[in-house]
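J.: Taken in order, the sequence shown gives residues 178 to 368; the numbers are from the working numbering.
Ideal Cβ placement from N, Cα and C applies to all residues, glycine included.
On a predicted model such as this, the values are computed, not experimentally measured, just so you know.
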Amino acid sequence: MNLVLPPLPFGPSDLEPFISAKTLTFHHGKHFKTYVDTANSLLHGSGLEDLSIEEMLTRAQGPLFNNVAQAFNHGFYFEALCAASPAVPEALLGKINASFGDMLTFTELFRQKAVGNFGSGWTWLVESFDGKLSVENTPNAANPISLGLGKPLLVVDVWEHAYYLDYQNRRADYVKDFLGHVDWNLVASRL
Ligand SMILES: [Fe+2]
């Protein structure tokens, strides 16, 4: 199956001042598009063309893995952004409270893990196979599916291309603002 670049679920200026239209246009229209296009060109003749993207994540290696995983991770990231976070649905909030104590403790842990994720990578909220939630860092293109950690629910992109034009080296501020632009309804639908 050919991977497809999904359109942004909002206008290019809708997340300002959290993410500028310039960052969003480059991040979605250049970085994300290049991962999708390169993955599709490498998939041709790889023998993995007919798999779902989740299956590809556990089978692909090398440059094909990097591009398929970056395509998956970016789709997962952009899909759950919104202009202003709605209230966290009860089902998700109950799991967050059971796993972390309360919402504030979770968001502080998520922020600390994202700030401490050395170099380029991703910080995830993951539902493990026993139903417990955890916050996990992955380097480069890796993700919870490729590493067998469980089901991803939320991700923040901490590659510098995601925030450098707007925040320079202030990753902590970017992640703090990110947490005010999460579509918790969409995240809850991933449980
Ligand atoms: Fe990115």
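Which residues does DSSP pair with Leu182 in a beta bridge?
T.: If you number the sequence shown from 1, residue 182 lands on position 5. The partner list for Leu182 (beta bridge, DSSP) is empty, contrary to what the question assumes.
J.: To the nearest angstrom, how far is the alpha carbon of Thr406 from that of Leu241?
T.: A question about residue 406 goes unanswered here, because the residues of the chain that appear run from 178 up to 368.
J.: Closer than 6 Å by C-beta to Val213: which residues in its own chain qualify, once you throw out the five before and the five after it? Chain order, please.
T.: Position 36 of the sequence shown, counting from 1, holds the residue named residue 213. Same-chain partners within the cutoff: Leu180, Leu182, Ala248.
J.: Following a CB-centred definition, is Ala390 positioned closer than 7 Å to any heavy atom of ligand 1?
T.: Outside the shown range of the chain (178 to 368) lies residue 390, about which nothing can therefore be said.
J.: Please report the straight-line C-alpha distance between Phe195 and Tyr254, rounded to a whole angstrom.
T.: Position 18 of the sequence shown, counting from 1, holds the residue named residue 195. Position 77 of the sequence shown, counting from 1, holds the residue named residue 254. When rounded, the distance between both Cα atoms is 14 Å.
J.: Tell me where the alpha helix (DSSP H) around Asp214 begins and ends.
T.: Residue mapping note: residue 214 aligns to position 37 of the sequence shown, counting from 1. Here the alpha helix (DSSP H) through Asp214 covers 210-220.
J.: Measuring straight from C-alpha to C-alpha, what distance separates Lys328 and Trp301?
T.: As a first step, residue 328 is located in the sequence shown; it is residue number 151 there, counting from the start. As a first step, residue 301 is located in the sequence shown; it is residue number 124 there, counting from the start. Going by the C-alpha atoms only, they are around 10 Å apart.
J.: Which residue's Cα is closest to the Cα of Asp343: Leu192, Ser305, Ala268?
T.: Position 166 of the sequence shown, counting from 1, holds the residue named residue 343. Per the Cα distances, Leu192.
J.: Using alpha carbons as the reference points, say which of Lys290, Gln289, Leu286, Val303 lies closest to Ala365.
T.: Within the sequence shown, the letter at position 188 stands for residue 365. Minimum Cα distance to Ala365 is reached at Val303.
J.: Taking contact to mean at least 3 C-beta pairs separated by less than 8 Å, is the segment 340-355 in contact with the segment 315-330?
T.: Contact fails: fewer than three Cβ-Cβ distances are below 8 Å.
J.: Going by C-alpha distance, which of Asn243, Leu220, His358, Lys353 is nearest Ser297?
T.: Walking along the sequence shown from the start, residue 297 turns up at place 120. When only C-alpha atoms are compared, the closest one is Asn243.
J.: Mind checking who Glu313 pairs with in its DSSP beta bridge?
T.: Within the sequence shown, residue 313 is the residue found at index 136, counting from 1. Its beta-bridge partners are Trp301.
J.: So what does DSSP say about Asp191, is it helix, strand or coil?
T.: Counting from one through the sequence shown, the residue named residue 191 turns up at place 14. Of the three classes helix, strand and coil, the one that applies to Asp191 here is coil, per DSSP.
J.: State buried or exposed for Lys290, treating a residue as buried only when at least 16 other CB atoms are found within 10 Å of its CB.
T.: The count along the sequence shown starts at 1 and reaches residue 290 at position 113. Buried is the call here.
J.: If you draw a straight line from the C-alpha of Met280 to the C-alpha of Ile273, how long is it?
T.: Residue mapping note: residue 280 aligns to position 103 of the sequence shown, counting from 1. Residue mapping note: residue 273 aligns to position 96 of the sequence shown, counting from 1. Cα to Cα, Met280 sits roughly 6 Å from Ile273.
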